[in-house]
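Encoded as structure tokens, the structure appears first; notes follow it.
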Amino acid sequence: ASGGAADPLARLLRSSDARAKVGAFAVAAQLCSSCARFAADGEVASVQPALRALIAAVSPSAGTAPGDALAALVALPAEELRVAALRLLLGLAQHEWGAGDGAIWGETGRDGERR
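Residue 1025 in the working numbering is what sits at position 42 of the sequence shown, and the numbering runs on without skipping anything.
Put into structure tokens, the structure is as follows:
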């Protein structure tokens, strides 16, 4: 997504403003769901790499996998942010690469087991 139209959304996914982050998570979750629903369409399939790059923007640092960052947000007391993170996780779960890919879940994987 670098240099593309998704750059502003990627910045919002890392925003320190909770409302901006909630909105960005909602858009990213909808993109995940829509791409999963229409995955057989060649044009939709061609945007998968950009979507993966966008999801990588959730990570606050190079050492934190996006899935781990989302899992940490689920534990926060801020209900709005917690729900937004859960919805994005649900959107990711609709993709094979979002459900179990090491690029999304890092070294521990979504089940907490070390890879």
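Cβ atoms here follow ideal geometry from the backbone N, Cα and C, with glycine treated the same way.
So is phenylalanine 1021 buried or exposed if we call it buried at 16+ other beta carbons inside 10 Å?
Per the 10 Å Cβ criterion, exposed.
Reduced DSSP secondary structure (H/G/I, E/B, other) of leucine 1059
Coil.
For glycine 1050 and serine 1016, what's the separation of their Cα atoms in angstroms?
Cα to Cα, the separation comes out at about 16 Å.
Using 8 Å as the threshold, is the region 1020-1034 in touch with the region 1047-1065, meaning 3 or more CB pairs across them?
Under the three-pair Cβ rule at 8 Å, the region 1020-1034 does not count as touching the region 1047-1065.
So, with DSSP's three-state summary, where would you put glycine 1046?
DSSP places glycine 1046 in coil when its eight states are reduced to three.
Using alpha carbons as the reference points, say which of Val1010, Ala1045, Leu995 lies closest to isoleucine 1087.
Of the candidates Val1010, Ala1045, Leu995, the one whose C-alpha sits nearest the C-alpha of isoleucine 1087 is Ala1045.
Excluding the five sequence neighbours on either side, which residues of its own chain have a C-beta within less than 6 Å of the C-beta of threonine 1047, listed in chain order?
Taken in chain order, the list of residues that qualify is empty.
Taking all protein chains shown into account, decide if leucine 996 is buried (16 or more other Cβ within 10 angstroms of its Cβ) or exposed.
Buried, by the Cβ-count rule.
Could you name the residues of the same chain whose beta carbon sits closer than 6 Å to that of alanine 1012, not counting the 5 residues immediately before and after it, in chain order?
Within the same chain, alanine 1012 has close Cβ partners Arg1070, Leu1071, Gly1074.
Determine the DSSP secondary structure at aspartate 990, reduced to helix, strand or coil.
It is helical.
If I measure Cβ to Cβ from arginine 1065 and keep anything under 7 Å in the same chain, skipping five residues before and after, which residues do I get?
Here the set comprises Leu1056, Val1057, Leu1059.
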